[in-house]
Every structure is written in C-alpha cells, then in structure tokens.
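This report refers to the structure that appears directly beneath it.
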Amino acid sequence: MECVFCKIVNKEIPAKIVYEDELIMAFHDIRPQAKIHILIIPKEHIPNNLYFEGRHKALIGHIILKANEIAKMFEIDKTGFRLIVNTGPDSGQEVFHVHWHLLGGEPLGKLIC
Ligand code: 5GP
Ligand code: ZN
C-alpha cells in the first residue's frame, strides 16, 4: 500500500499520534500551517470526501465529535479553531486518504467573507 496515511495507521512510518481508537486516528501534521495543526483520519482508506457512502455516516459523525474533544485537549475550544477537508485538484489535496485538518492556537484569518 503506497498511501502514506495507511502507513501511519499501520505504524509503518512514525507520527506524533494524539488520539487513536478502532475507527480513527489523529496526529500532528508534519508541516504545520498553524500553532496547532492536527490531522484526523479514518483508519479505512477512503480517497476523499467524494468517496463517502451512506455506511460512513456514523464514522463522519464520530470524527466531527472527536475533533471537539481534541480541540479541548489542546485548549483551543474557547479560542476557536477551523476544520478543513480538501477535496480534489482545486483544493490542493495532496494526500488521497481523506483527512480533516484541525487548525488553531492563533488567529487564522478569514477564508470566506
Ligand atoms: P492535503 O493538502 O492533502 O489536504 O493535506 C495533506 C497534509 O498531510 C499536509 O498538510 C501535509 O503536511 C501532511 N502530510 C503529508 N505527509 C505527511 C506525513 O508523512 N506525516 C504527517 N504527519 N503529515 C503529512
Ligand atoms: Zn490510505
């Protein structure tokens, strides 16, 4: 399997893991774009948001709720944070294993006015 995030899931390459359960994993981004930059991924290899199916509804909900818990772990629940899912070429998606960027720890600037 060539997927870098599957390799992290399988512990074939190291990552600074902050949370893991049977369904998902969260770890620090190797090139952080904010003071706090965590990636949250399903363990299942799903290339991007377009590949989610009805059977993934509970998984998606689990990730969103866990993002709140991770934000609390890093004490950015009160200061605020951003969750981003890049999908496809115009978004600049680089890793084709779906992931949520959890960004915070400093003012992030507005993306959409
Ligand atoms: P994308 O642009 O696909 O939404 O984001 C991919 C993210 O994965 C980037 O922010 C990049 O820094 C991060 N990344 C790529 N390879 C690795 C890796 O081997 N380990 C970790 N921890 N992050 C990675
Ligand atoms: Zn993968």
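So for the sequence shown, UniProt numbering puts the first residue at 1; every next one is plus one. Cβ coordinates follow ideal geometry from the N, Cα and C atoms, glycine included. Predicted model, so just to flag it, every value in this text is computed and none were measured.
Whole angstroms is fine: what's the gap from residue i's alpha carbon to residue j's?
{"i": "residue 84", "j": "residue 102", "result": "7 angstroms"}
{"i": "residue 93", "j": "residue 50", "result": "12 angstroms"}
{"i": "residue 12", "j": "residue 38", "result": "19 angstroms"}
{"i": "residue 31", "j": "residue 15", "result": "12 angstroms"}
{"i": "residue 33", "j": "residue 82", "result": "12 angstroms"}
{"i": "residue 24", "j": "residue 4", "result": "15 angstroms"}
{"i": "residue 112", "j": "residue 90", "result": "16 angstroms"}
{"i": "residue 97", "j": "residue 47", "result": "4 angstroms"}
{"i": "residue 29", "j": "residue 62", "result": "20 angstroms"}
{"i": "residue 78", "j": "residue 27", "result": "21 angstroms"}
{"i": "residue 99", "j": "residue 56", "result": "14 angstroms"}
{"i": "residue 110", "j": "residue 22", "result": "35 angstroms"}
On the criterion of 16 or more Cβ atoms from any shown chain inside 10 Å, does residue i qualify as buried, or is it exposed?
{"i": "residue 42", "result": "buried"}
{"i": "residue 58", "result": "exposed"}
{"i": "residue 64", "result": "exposed"}
{"i": "residue 76", "result": "buried"}
{"i": "residue 104", "result": "buried"}
{"i": "residue 17", "result": "exposed"}
Could you tell me whether the Cβ of residue i comes closer than 8 angstroms to any Cβ of chain D?
{"i": "residue 89", "result": "Protein chains in the displayed structure number just one, and chain D is not present."}
Item to check | 4 or more residues per run - each alpha helix (DSSP H) lying fully within the UniProt domain "HIT" (4-113) | outcome: Runs of the alpha helix (DSSP H) lying entirely within the UniProt domain "HIT" (4-113) and spanning at least 4 residues, in chain order: 4-9, 57-73.
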